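Residue numbers (our numbering): -2 to 688.
Ideal placement from N, C-alpha and C gives every residue a C-beta, glycine not left out.
Every value quoted in this text rests on a predicted model; they were computed, and no experiment measured them.
Working notes for the structure below.
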């Protein structure tokens, strides 16, 4: 064959976290079925620095970029390589795949059939674990016989109809399950004795079974694309409406992989999830109960025990790599979703409500800065840098807080009762029945509006005080060596409707430091808060700890009047400890964050939550983490992620955009579908028309 010639040349090889990428001279020996590498071309006559047997290997182009690919040998060894460009990568990948296929087929021809070999291994009888060997042979036979039917001689293979994709998916799910059992049985064998988990034939079986399943999945994906293109030809221009998408998704509801990944054991289907995007749900705060969940993240045991997993993960990363698509190990997860973490930033609703009680623009800006700086301490759970769950697209979180009016800081003339009659009529009908209540209610809703990139929208309002905050955040994670950096891209908007003021603000970056020992969190970066109407602004700096000396978690900032460039307040301290505010009149105020009272949020019980509300969606993962069962938590987490991938693939194939539930795209941002400023404006217009 013209394609079986030996090839050689320089490639970059990833060695380890410290050394990184290095140029090495590679030689593909087609006759021997070997991939060898040397330090350089001049040392080619010496013994190779490394050698991989290609029989049974899997050659995989990387999604990371167009230059990288991996060679996974049957022995478990892996080379991560990088060519100079996409064309050279394709040249190496195609030659390696041809060589691999040739030598894998040669092994099959030179050895007895799998069935007889498997039973002979089991029948030889080992005192170690005969039961395991018997299961091994049975799993191997059943795995390669799944869905295999001999067609009558002379008959053509029938063309597969679209509805048959469901049957194919079911058979493939059975095969995937049996392949996992096969791998598990091999890995359960002892490392020494007559039949071990490192037996060359069994390692070959593992590699070929995995390659077979990958090939089958690729073929099935092609069938799905063909089905989608046929469907697309009969659809009106403009793609699917939500109702059409629900009908299409209903055809896929019987996929086993989707059923098993469902967040509850109910008969919830893709179609029901799709239809749920049509009508936003109004949450009744009276159904919410004070949260009794108190998951502190102070357990170091799992991190210490899983250090080898962390090292393995780090070996696969490179500096600056975007971690958005990297699946992190389950043991580093917090027991809450990222959407709930955003809600926990509102754990001091008294300070939030008190912002609008300031009698002057200067005082309101200072109060907002005070609230802003006190929100991060409670947003973090414990001292350990753990990661909240990545929300799946369409996930939501609802909660509220009830704040006694007597505990909110007020000033003379700024009480709610002092509003004029014209202002009172702008309140909603729901509020009219609550005027005699002795507490304020702050409502919160968050939704994951996009998966790639991962964007969350959240909104909070206090109707009684006519104030609300709307924000969207895109989390970008990067690997920085011994730490991980998370950039919070986006913007928030605080509206004080009573004063006609809007405050724009951004969020700091977060860093997980010392990820090989005891990981901890610090914030960094510059944040700006600005109110165009009043001309007041604030600049806040979160300082990261310098390499030598310096304090942890340090923050400094100042509030100034832009017109006169006068600084009216300075702040310094630690964002998780004590803050010192110094005012222009010489007064100083200290805020000890560790002693601030925290108002517990109110959340609906699980049984009243929708299937895609955070706590119900992740309940099995959370329960497993509480029980310390990392394997079970990983299994539930993988099921949710697999379902999300299936849904995303379906939407891509059918060119169907995702319909959000509570937030609407406006420009580069996302805005709550029914913000308070629209409600109040509509009420004022109604009152004007009535007069």
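message = Taking the beta carbon of residue 197 as the centre, do at least 16 other beta carbons fall within 10 Å, making it buried, or is it exposed?
response = To locate residue 197, count along the chain shown from 1; it is residue 200. It is exposed - the Cβ of residue 197 has fewer than 16 other Cβ atoms within 10 Å.
query = Going along the chain, which residues of its own chain have a beta-carbon closer than 6 Å to the beta-carbon of residue 353, five neighbours each way excluded?
reply = As a first step, residue 353 must be located in the chain shown, where it is residue number 356. Excluding positions up to five away in sequence, the list reads 462, 464, 493, 495.
query = When burial is assigned at 16 or more other CB atoms within 10 Å of the CB, is residue 582 buried or exposed?
reply = Numbered from its first residue, the chain shown carries residue 582 at position 585. Taking all protein chains in view, the Cβ of residue 582 is surrounded by fewer than 16 other Cβ atoms within 10 Å, so the residue is classified as exposed.
request  = Might you give, ordered along the chain, the residues of its own chain that have their beta carbon closer than 6 Å to the beta carbon of residue 11, omitting 5 neighbours on each side?
outcome  = In the chain shown, the residue the question calls residue 11 occupies position 14. Here residue 11 has 18, 77 as same chain residues with Cβ atoms under 6 Å from its own Cβ, once five neighbours each way along the sequence are excluded.
inquiry  = In the DSSP output, what is residue 570 paired with across the bridge?
reply    = Within the chain shown, the letter at position 573 stands for residue 570. DSSP lists 552, 576 as partners of residue 570.
Residues that residue 76 bridges to, as DSSP identifies them = Looking up residue 76 in the chain shown gives position 79. Here residue 76 is bridged, per DSSP, to 68.
inquiry  = Given this structure, state the Cα-to-Cα distance separating residue 182 from residue 627, to the nearest angstrom.
reply    = Against the chain shown, residue 182 aligns to sequence position 185. Against the chain shown, residue 627 aligns to sequence position 630. Going by the C-alpha atoms only, they are around 20 Å apart.
query = So who's on the other strand from residue 342, going by DSSP bridges?
reply = Residue mapping note: residue 342 aligns to position 345 of the chain shown, counting from 1. Per DSSP, none; premise fails for residue 342.
task = Counting only the same chain and skipping the five closest in sequence on each side, list residues whose C-beta sits under 6 Å from that of residue 355.
result = Stepping through the chain shown from its first residue, residue 355 is reached at position 358. These residues qualify, in order along the chain: 361, 364.
query = Does the count of Cβ pairs from the region 444 to 453 and the region 388 to 400 closer than 8 Å reach three?
reply = Contact between the region 444 to 453 and the region 388 to 400 is present, because at least three Cβ pairs lie under 8 Å.
task = Could you work out which residue in 190, 211, 191 is closest to residue 177 when comparing CA atoms only?
result = Mapped onto the chain shown, residue 177 falls at position 180. The option with the nearest alpha carbon to residue 177 is 211.
ask   = Which whole-angstrom value is the C-beta distance of residue 70 and residue 49, which I expect to be below 8 Å?
value = Here residue 70 refers to the residue found at position 73 of the chain shown. Here residue 49 refers to the residue found at position 52 of the chain shown. With a Cβ gap of about 5 Å, residue 70 and residue 49 count as contacting.
query = Which residues bound the alpha helix (DSSP H) around residue 689?
reply = Beyond the ends of the chain as shown, which are -2 and 688, falls residue 689; an answer cannot be given.
query = Does DSSP classify residue 564 as helix, strand or coil?
reply = By 1-based counting over the chain shown, the position of residue 564 is 567. Here residue 564 sits in strand by DSSP.
query = Of the residues 26, 22, 45, 98, which one's Cα is nearest the Cα of residue 38?
reply = One-based indexing of the chain shown puts residue 38 at position 41. Residue 22 is the option with its Cα nearest to residue 38.
query = Can the beta-carbon of residue 204 be found closer than 7 Å to that of residue 53?
reply = The residue you call residue 204 lines up with position 207 of the chain shown. The residue you call residue 53 lines up with position 56 of the chain shown. Going by C-beta atoms, residue 204 is nearer than 7 Å to residue 53.
key: C-beta contact flag for residue 669 and residue 277 at 7 Å   = If you number the chain shown from 1, residue 669 lands on position 672. If you number the chain shown from 1, residue 277 lands on position 280. Judged by their CB atoms, residue 669 and residue 277 are not nearer to each other than the 7 Å cut-off.
ask   = Near residue 36, what residues of its chain come up, given a Cβ to Cβ distance below 8 Å and the 5 sequence neighbours on each side ignored?
value = As a position in the chain shown, residue 36 is number 39, starting the count at 1. If we look at residue 36 and ignore the five residues flanking it on each side, its Cβ neighbours are 21, 22, 46.
DSSP three-state assignment for residue 208, whether helix, strand or coil = Here residue 208 refers to the residue found at position 211 of the chain shown. Judged by DSSP in its simplified three-state form, residue 208 adopts helix.
task = Could you tell me which uninterrupted alpha helix (DSSP H) segments, each at least 4 residues in length, are contained entirely in the region 424 to 502, listed from first to last along the chain?
result = Secondary structure remark: continuous alpha helix (DSSP H) runs of at least 4 residues inside the region 424 to 502, in chain order: 426 to 429.
request  = Measure the alpha-carbon distance for residue 65 versus residue 460 and round it to whole angstroms.
outcome  = On the chain shown, residue 65 is found 68 positions in, with the first residue counted as 1. On the chain shown, residue 460 is found 463 positions in, with the first residue counted as 1. Their backbone Cα atoms lie some 54 Å apart in a straight line.
query = Are residue 285 and residue 453 closer than 7 Å when you measure CB to CB?
reply = On the chain shown, position 288 is the one that residue 285 refers to. On the chain shown, position 456 is the one that residue 453 refers to. No. Outside cutoff.
request  = Quick one: measure Cβ to Cβ for residue 384 and residue 331, integer angstroms, because I've assumed they're closer than 8 Å.
outcome  = Here residue 384 refers to the residue found at position 387 of the chain shown. Here residue 331 refers to the residue found at position 334 of the chain shown. Cβ-Cβ separation between residue 384 and residue 331: approximately 6 Å, consistent with a contact (criterion under 8 Å).
message = Given a cut-off of 7 Å on the beta-carbon distance, is the pair residue 368 and residue 348 in contact?
response = The residue labelled residue 368 in the question sits at position 371 within the chain shown. The residue labelled residue 348 in the question sits at position 351 within the chain shown. Between residue 368 and residue 348, the C-beta gap is smaller than 7 Å, which places the two residues in contact.
ask   = Candidates 596, 595, 570: which alpha carbon is nearest residue 586's?
value = Counting from 1 along the chain shown, the entry for residue 586 is found at position 589. Out of 596, 595, 570, 570 has the C-alpha closest to the C-alpha of residue 586.
message = Going by DSSP, what residue range makes up the alpha helix (DSSP H) through residue 649?
response = In the chain shown, residue 649 corresponds to position 652, counting from 1. Looking at the DSSP string, the run of the alpha helix (DSSP H) that includes residue 649 is 627 to 651.
query = Are any of the Cβ atoms in chain D nearer than 7 Å to that of residue 2?
reply = The structure shown contains no chain D; it holds only a single protein chain.
inquiry  = Using only CA atoms, which one of 83, 73, 86, 93 lies nearest to residue 33?
reply    = Locating residue 33 in the chain shown gives position 36, where the first residue counts as 1. Minimum Cα-Cα distance from residue 33 among the listed residues 83, 73, 86, 93 corresponds to 93.
request  = For residue 289, count neighbouring Cβ atoms within 10 angstroms of its own Cβ and tell me buried if that reaches 16, exposed if not.
outcome  = What you label residue 289 is simply residue 292 of the chain shown in a count that begins at 1. By the neighbour-count rule (16 or more Cβ atoms within 10 Å), residue 289 is not buried but exposed.
query = Would residue 84 be called buried (16 or more neighbouring beta carbons within 10 Å of its own) or exposed?
reply = Stepping through the chain shown from its first residue, residue 84 is reached at position 87. With fewer than 16 other Cβ atoms within 10 Å, it is exposed.
ask   = Any idea if residue 186 is buried or exposed, counting beta-carbon neighbours within 10 angstroms, 16 or more meaning buried?
value = Here residue 186 corresponds to residue number 189 of the chain shown, with the count starting at 1. Counting Cβ neighbours within 10 Å, residue 186 comes out buried, since at least 16 surround it.
inquiry  = Residues in the same chain with beta-carbon distance under 7 Å from residue 58, minus the five sequence neighbours each way, listed in chain order, please.
reply    = Position 61 of the chain shown, counting from 1, holds the residue named residue 58. Hits under 7 Å: 66, 86, 90.
request  = Could you please give the first and the last residue of the uninterrupted beta strand (DSSP E) stretch that includes residue 385?
outcome  = By 1-based counting over the chain shown, the position of residue 385 is 388. For residue 385, the uninterrupted beta strand (DSSP E) run begins and ends at 384 to 386, by DSSP.
key: 7 Å Cβ cutoff met for residue 539 and residue 556   = For this step, residue 539 is matched to residue 542 along the chain shown. For this step, residue 556 is matched to residue 559 along the chain shown. Judged by beta-carbon spacing, residue 556 lies beyond the 7 Å limit of residue 539, meaning their Cβ atoms are not closer than that value.
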